[in-house]
Amino acid sequence: NGCVGGGGQPRSADPEAPHKRAEALYREDRGKRLRKSHQNPTVQWLYQHYLGKPGSGKSHELLHTHYTARERY
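Per my numbering, the very first residue in the sequence shown carries number 1488; after that it's consecutive.
This is the structure:
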């Protein structure tokens, strides 16, 4: 599920909530014209004119996130 139902999501008393949310998001995604970022003309333009190739230093610096462990409260 990746970020769907991940640690940054609100917790629910309903144990099925993460599954229901993931199902709704994937259902919504199936109806979209642009579903894959590497096929998005705007993303392609950004790489060609600004970021260079996927995995380049600039793309990693600007697009990638990093995990930071947090103390539970």
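Think of the CB as a built atom: it goes at the ideal place given N, C-alpha and C, for glycine as much as any other residue. As the structure is a computational prediction, the values presented were derived from the model and not from experiment.
Quick check on residue i: buried or exposed, where buried means 16 or more other Cβ atoms within 10 Å of its Cβ?
{"i": "L1538", "result": "buried"}
Determine the direct distance from the alpha carbon of residue j to that of residue i, and round the result to whole angstroms.
{"i": "E1558", "j": "S1499", "result": "20 Å"}
{"i": "Y1534", "j": "A1504", "result": "37 Å"}
{"i": "H1553", "j": "H1547", "result": "10 Å"}
{"i": "K1507", "j": "L1550", "result": "28 Å"}
{"i": "Q1531", "j": "K1519", "result": "18 Å"}
Does DSSP classify residue i as helix, strand or coil?
{"i": "E1503", "result": "coil"}
{"i": "L1521", "result": "coil"}
{"i": "S1543", "result": "coil"}
Cutting at 7 Å between CB atoms, please list the residues of its own chain near residue i, excluding the five before and the five after it.
{"i": "L1521", "result": "N1527"}
Got a sec? Which residues, its chain only, sit under 6 Å from residue i by beta carbon, not counting five neighbours each side?
{"i": "H1525", "result": "none"}
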